[in-house]
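The sequence shown lines up with residues 2 to 129 when you count with my numbering. Ideal placement from N, C-alpha and C gives every residue a C-beta, glycine not left out. Keep in mind it's a predicted model, so treat the numbers as computed, not measured. Report on the following structure.
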Amino acid sequence: MRFALVAAAALAIALPVTAAESPAKVTVTMANFSYAPADLHLHAGHSVTIHFVNEGSGGHDFTAEEFFAAASMDAANRAHVGGTKGRVSLGKGESADVTLVPKAGTYKVHCSHFGHSALGMTGRIVVD
2 MRFALVAAAA
12 LAIALPVTAA
22 ESPAKVTVTM
32 ANFSYAPADL
42 HLHAGHSVTI
52 HFVNEGSGGH
62 DFTAEEFFAA
72 ASMDAANRAH
82 VGGTKGRVSL
92 GKGESADVTL
102 VPKAGTYKVH
112 CSHFGHSALG
122 MTGRIVVD
């Protein structure tokens, strides 16, 4: 009996215990004519959930067509970015999560609402 307990303990120590990996999470806040942070730094090939929050006084979006097109994501997350539009659109006070696996590169971000980019609502995503 003692041998069985020792053998079971040795086996338990020898086998690695892996927790289910959950994606990293970053928050992007949309405000009146800005993103916070303006620049996102992500890791290629690693799952990440981007939590978008609109704290502005009206609607805003996060348009990054090339970034979203290059990223791997399931159909539900693809729907959050407007399919091929590559845009997360939120009304005042709304939020949304998008989980994806980014591809290496540097991507431009802007708000597609009239005049918002000209007023500074731009940024970039760096994936390495």
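(message) Can you list, in chain order, the residues of its chain with a C-beta nearer than 6 Å to that of Glu56? Leave out the 5 residues immediately preceding and following it.
(response) As a working note, residue 56 is residue 55 in the sequence shown. Excluding residues within five positions, the ones whose Cβ falls inside 6 Å are Thr30, Ala32.
(message) Am I right that Phe53 and Ala97 are in contact with their C-beta atoms under 8 Å? What's the rounded C-beta distance?
(response) Counting from 1 along the sequence shown, the entry for residue 53 is found at position 52. Counting from 1 along the sequence shown, the entry for residue 97 is found at position 96. Indeed they touch by this definition, with Cβ atoms about 5 Å apart.
(message) Measuring straight from C-alpha to C-alpha, what distance separates Val102 and Glu67?
(response) What you label residue 102 is simply residue 101 of the sequence shown in a count that begins at 1. What you label residue 67 is simply residue 66 of the sequence shown in a count that begins at 1. Using only the alpha carbons, I get a separation of about 14 Å.
(request) Please classify Thr107: is it buried, with 16 or more other beta-carbons within 10 angstroms of its beta-carbon, or exposed? (result) Translated into the one-based positions of the sequence shown, residue 107 becomes position 106. Its Cβ having fewer than 16 others within 10 Å, Thr107 is exposed.
(message) On the criterion of 16 or more Cβ atoms from any shown chain inside 10 Å, does Leu43 qualify as buried, or is it exposed?
(response) Numbered from 1 along the sequence shown, position 42 holds the residue referred to as residue 43. Around the Cβ of Leu43, a 10 Å sphere holds 16 or more other Cβ atoms; the residue is buried.
(request) Give the DSSP-derived three-state secondary structure of Lys86 in the structure shown. (result) Walking along the sequence shown from the start, residue 86 turns up at place 85. In the structure shown, Lys86 falls within a helical segment according to DSSP collapsed to helix, strand and coil.
(message) By the DSSP assignment, the alpha helix (DSSP H) with His81 in it spans what residues?
(response) Here residue 81 refers to the residue found at position 80 when the sequence shown is read from its first residue. First-last of the alpha helix (DSSP H) with His81: 76 to 81.
(request) Can you grab the Cα-Cα spacing for the pair Asp62 / Ile126, in whole Å? (result) The residue given as residue 62 occupies position 61 in the sequence shown. The residue given as residue 126 occupies position 125 in the sequence shown. If you draw a straight line from the Cα of Asp62 to the Cα of Ile126, it is about 15 Å long.
(message) Can you tell me whether Phe63 is helix, strand or coil according to DSSP?
(response) Indexing the sequence shown from 1 puts residue 63 at position 62. Note: Phe63 maps to strand in three-state DSSP.
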